[in-house]
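Q: Add 917 to a position in the sequence shown, counting from 1, and you land on the number used in our numbering.
Every residue, glycine too, gets a C-beta built ideally from N, C-alpha and C.
Please find one structure pasted underneath; my questions will follow.
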Amino acid sequence: MSGASGAAYGVRVLEKLRSAGVETHLVVSRPAEKTLHHETGLLLKDLKELASEYHPIEEIGASIASGSFLTDGMVIAPCSVNTMSAIAHGLTANLLVRAADVTLKERRPLVLMVRESPLHLGHLRTMVALAELGAVIAPPMPDFYNRPERVADIVEQGAGRILDLLGLNDEATKRWSGI
């Protein structure tokens, strides 16, 4: 998780992965810790309980910093423009960006739930560069055809779509069946 608004998405993705029995490795930026508490009331210790393993962001020698450590992919939810830009330009100064860089170089799925609006041309060019490197840019766009009634409904659907991008079927995700 990085420090963009939308901490509820990261929490719900972790919860869904845990329910699916998926091993998860959590890295949280310092701004993400603050955003998490401000937006959800949760603390880092609460988030750690949802993950299989937690790695401090400065632990650059963690298992997930190496391509020889096998993963099925990586999600950054939410993903700040700062983190997105660092990944696009190979600036691997912390574990979050290093693990994302490794994910790309190993040709594994990297899903970035970028939270920013409006976007200027620099943001768009950075997204294009990441897409060219193989990342999936997945801003949390609510779908209104499911008629969400609460913010939690929007978060639930957004988190389910992230699992889709990892090739995991989440039964709670509502599917379009036509008109």
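Please state the DSSP three-state secondary structure of V1014.
A: Residue state, collapsed to three classes: helix.
Q: What are the boundary residues of the alpha helix (DSSP H) that includes L1083?
A: Careful: L1083 lies outside any alpha helix (DSSP H) and carries neither H nor E.
Q: For M991, name the three-state secondary structure that DSSP assigns.
A: M991 falls in the strand class under three-state DSSP.
Q: Taking Cβ positions, are G927 and S946 nearer each other than 8 Å?
A: Against a cut-off of 8 Å, the Cβ pair of S946 and G927 comes out as no contact.
Q: Using 10 angstroms around the beta-carbon of G1077, count the other beta-carbons present and answer buried if the total reaches 16, otherwise exposed.
A: G1077 should be labelled buried.
Q: Can you tell me whether DSSP reads I1054 as helix, strand or coil?
A: In the structure shown, I1054 sits in a strand (DSSP, three-state: E or B).
Q: List the endpoints of the continuous alpha helix (DSSP H) containing V930.
A: Its alpha helix (DSSP H) spans residues A924 to S936.
Q: A1003 to A1016, Cα distance in whole Å?
A: Their Cα atoms are separated by approximately 12 Å.
Q: Which residues does DSSP list as the beta-bridge partners of Y971?
A: According to DSSP, which records beta bridges pairwise, Y971 is partnered with L943.
Q: Could you say which of L960, A925, T1020 and T952 lies nearest to G984 if we only look at CA atoms?
A: Closest option to G984, Cα to Cα, is T1020.
Q: Which first and last residues belong to the beta strand (DSSP E) in which L1029 is found?
A: Segment L1027 to V1031, the beta strand (DSSP E) holding L1029.
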